[in-house]
Amino acid sequence: KKQSGLEGDAVFTALHNAFDLRTPDAIIESFIQDLVSCPAIASDELNINSFLDEVHDSLGAAVKYRQDVRVVRTPDQTSTGSGIEEHFFDDGTVFPDATAFVEKCKGAIRNGFSIALRGMEFRSEKVAAIASALADLFGQPSVGANIYFSPPRSQGLARHYDDHCVLVWQLLGRKKWKIWPNTKSILPRLYEPFHSLDGLVDDRGGRVEVLREGDIMYVPRGHVHEACTDIDEGESEVNASANYSLHLTLAIEVELPFEWEGFTHIALHCWLEEQKLVGSSGSVESRMEEQAPLFALLLHVAIRLLSDKDPTLRKTCMVAAKLPSSSKSVRSSHRSIFDEILDNIDRNCGFEDALRSVELAVKERNDEPFQWMCWLRHLPQQQQQHGRSSRIDFCDVLGPLEELLDMFSSDRERASADFADFKSRFCRRAMYDDACSEFEALLRLYRAGRTRYTKGMLALHGKRGG
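For the sequence shown, my numbering gives the first residue as 3, with consecutive numbering after it.
Written out as structure tokens, the structure reads:
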């Protein structure tokens with residue numbers, strides 16, 4: 003969806019003025035000059051001080067190809083309609099000579115390459131402010147930002163889809179986009195392997211949009227798209243940069259804890275902690291009480307497996323979004339979505355499928371398929387229950403998984419029935435409001451960590467206004 007006419011907007015004007023748009027060379031210098039590398043950080047790393055200690059020796063290092071910047075073009079289309087990218091530099095190239103790097107980028111532009119700079123929210127205070135406001139609006143920890151500069155009659159990135167939603171903001175020139183709808187019901191997830199586009203889109207189809215200066219467009223997650231610089235012959239006579247394109251992309255990357263699947267894991271965790279408190283009073287049957295953390299662990303696994311089939315679980319959970327106070331219907335719909343998810347879990351989360359995945363991991367001594375759980379360590383857990391530890395280390399689950407198998411293998415049929423009972427009790431009694439509170443608390447932790455990291459990177463870039 004495209005929104006036109008934002009060229010007079012105060013935010014757009016401030017961002018537009020942050021770049022020297024007089025000539026193509028001046029544009030390159032205005033966003034490439036004096037860059038440093040922004041080291042990659044794990045999405046669930048909240049201890050920024052520890053992370054900075056680990057990368058201390060590399061802070062302020064020269065930019066690295068692909069990690070920070072790409073210089074790319076897609077010159078020709080193949081028989082399937084999708085072109086093949088050519089890169090100006092080799093993967094992993096480091097650019098210690100900043101002046102030489104800028105000059106090479108200028109030469110690349112003259113040869114039809116586009117420059118894609120990642121992490122603009124770490125390099126520009128203005129972009130950081132926009133990204134932070136969007137993250138707050140959508141109830142997410144952070145929003146990423148990249149900038150793309152392309153010469154006339156060129157295509158930078160090849161046809162592709164993204165694992166996140168994107169807002170494209172045209173700052174200079176015109177860009178012609180072609181977008182195809184997502185034909186798959188299951189949305190792509192962050193960091194998952196990308197699937198081939200062969201046969202996925204019809205080259206004769208797709209929606210065409212031309213973005214002009216000030217226009218902004220939303221491209222949903224999973225929608226295949228490509229873009230090329232659009233030409234305005236009349237403008238080129240009066241403005242040397244007119245047929246070049248400069249646009250900012252704002253990436254709304256929905257991480258697992260903040261999908262509906264993540265919300266459901268949080269709800270299960272909250273309910274389990276409440277059951278521990280109830281159990282300590284002696285009102286819950288002792289055997290089931292002791293097994294509850296292991297049943298919960300298995301249900302976490304079953305919910306994960308369900309997310310490969312249920313489109314809702316992969317969608318953005320916006321219970322923490324900054325909605326107008328009058329949006330009661332939207333808030334009510336959030337609760338209805340959660341009720342539908344619980345109903346689906348009760349009907350379709352199977353004991354055998356979950357247990358088979360656990361058996362395979364234990365047999366191969368490989369907990370990599372369960373590393374997605376690691377973020378659950380940030381949720382509060384009671385230290386002890388009836389004199390024994392009830393905590394699970396979600397970053398090292400092989401031990402608990404082995405214990406789970408030992409406990410269930412002696413009487414698998416009874417374990418299956420007990421699991422079904424545990425699952426049904428959770429689906430009947432899960433507290434939406436408790437989950438919302440814990441979800442928002444986790445969001446604050448993530449956001450605080452991202453904010454500290456962003457401030458550190460901005461400081462390394464001298465808090466550039468651009």
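C-beta: ideal position from N, C-alpha, C; glycine also.
Enclosing beta strand (DSSP E) for VAL74 [first to last residue]: Here the question's residue 74 lines up with position 72 in the sequence shown. VAL74 -> beta strand (DSSP E) spans 71-75.
PRO402 vs LEU296 beta-carbon contact at 8 Å: Sequence index remark: in the sequence shown, residue 402 carries index 400 (1-based). Sequence index remark: in the sequence shown, residue 296 carries index 294 (1-based). The answer is yes: Cβ separation under 8 Å.
Own chain partners of HIS271 with C-beta closer than 6 Å, once the 5 adjacent residues on each side are dropped: Here the question's residue 271 lines up with position 269 in the sequence shown. Answer for HIS271: LEU381, listed in chain order.
Cα-Cα separation between PHE21 and ALA269, rounded to whole angstroms: The count along the sequence shown starts at 1 and reaches residue 21 at position 19. The count along the sequence shown starts at 1 and reaches residue 269 at position 267. Cα-Cα distance, rounded: 46 Å.
Sub-8 Å separation of ASN148 and ARG120 beta-carbons: Against the sequence shown, residue 148 aligns to sequence position 146. Against the sequence shown, residue 120 aligns to sequence position 118. Against a cut-off of 8 Å, the Cβ pair of ARG120 and ASN148 comes out as a contact.
Touch test, the stretch 414-433 against the stretch 342-361, Cβ-Cβ under 8 Å, three pairs minimum: yes
Cβ neighbours of CYS438 in the same chain (closer than 7 Å, five flanking residues each side left out): Mapped onto the sequence shown, residue 438 falls at position 436. Contacts found: VAL321.
From PHE353, THR318, LEU37, residue whose alpha carbon lies closest to that of ARG125: The residue given as residue 125 occupies position 123 in the sequence shown. The shortest Cα separation from ARG125 among PHE353, THR318, LEU37 belongs to LEU37.
Identity of the residues DSSP links to TYR150 by a beta bridge: Position 148 of the sequence shown, counting from 1, holds the residue named residue 150. DSSP, once it has assigned bridges, lists ALA118, HIS249 as partnering TYR150.
CB contact flag (MET122, LEU17, <8 Å): Reading the sequence shown from its first residue, position 120 is the one you call residue 122. Reading the sequence shown from its first residue, position 15 is the one you call residue 17. No, Cβ-Cβ distance for MET122 and LEU17 is not below 8 Å.
Coarse secondary structure for HIS336, derived from DSSP in three states: Along the sequence shown, read from residue 1 onward, the residue named residue 336 stands at position 334. The answer is helix: DSSP assigns HIS336 an H, G or I state.
Burial state of ARG449, where buried means 16 or more other Cβ atoms lie within 10 Å: In the sequence shown, the residue the question calls residue 449 occupies position 447. It is buried - the Cβ of ARG449 has at least 16 other Cβ atoms within 10 Å.
Best match in GLU361, ARG393, TRP182 for proximity to GLU404 [C-alpha to C-alpha]: Residue mapping note: residue 404 aligns to position 402 of the sequence shown, counting from 1. Answer by Cα proximity: GLU361.
Contact between the stretch 46-61 and the stretch 447-462 (3+ Cβ pairs under 8 Å): Segments in contact, yes.
Buried/exposed call for HIS227, threshold 16 Cβ in 10 Å: Within the sequence shown, the letter at position 225 stands for residue 227. With 16 or more other Cβ atoms within 10 Å, it is buried.
From VAL256, LEU279, GLU292, residue whose alpha carbon lies closest to that of ARG316: Position 314 of the sequence shown, counting from 1, holds the residue named residue 316. The residue from VAL256, LEU279, GLU292 with its alpha-carbon nearest to that of ARG316 is VAL256.
Separation of ARG430 from SER198, as counted between CA atoms: Against the sequence shown, residue 198 aligns to sequence position 196. Against the sequence shown, residue 430 aligns to sequence position 428. Roughly 41 Å between the two C-alpha positions.
Coil, strand or helix - LYS180 by DSSP: The sequence position of residue 180 within the sequence shown is 178, counting from 1. In this structure, LYS180 counts as strand in the three-state DSSP scheme.
Opposing strand residues paired with CYS167 [DSSP bridges]: Start at 1 with the first residue of the sequence shown, and residue 167 comes out as number 165. According to DSSP, CYS167 bridges with ILE254.
Outcome for VAL13 when other beta-carbon atoms lying within 10 angstroms are tallied against a minimum of 16: The count along the sequence shown starts at 1 and reaches residue 13 at position 11. With fewer than 16 Cβ atoms within 10 Å of its Cβ, VAL13 is classed as exposed.
Outcome for LYS324 when other beta-carbon atoms lying within 10 angstroms are tallied against a minimum of 16: As a first step, residue 324 must be located in the sequence shown, where it is residue number 322. LYS324 should be labelled exposed.
DSSP three-state assignment for ARG209, whether helix, strand or coil: The residue given as residue 209 occupies position 207 in the sequence shown. Reduced to three states, the DSSP call for ARG209 is strand.
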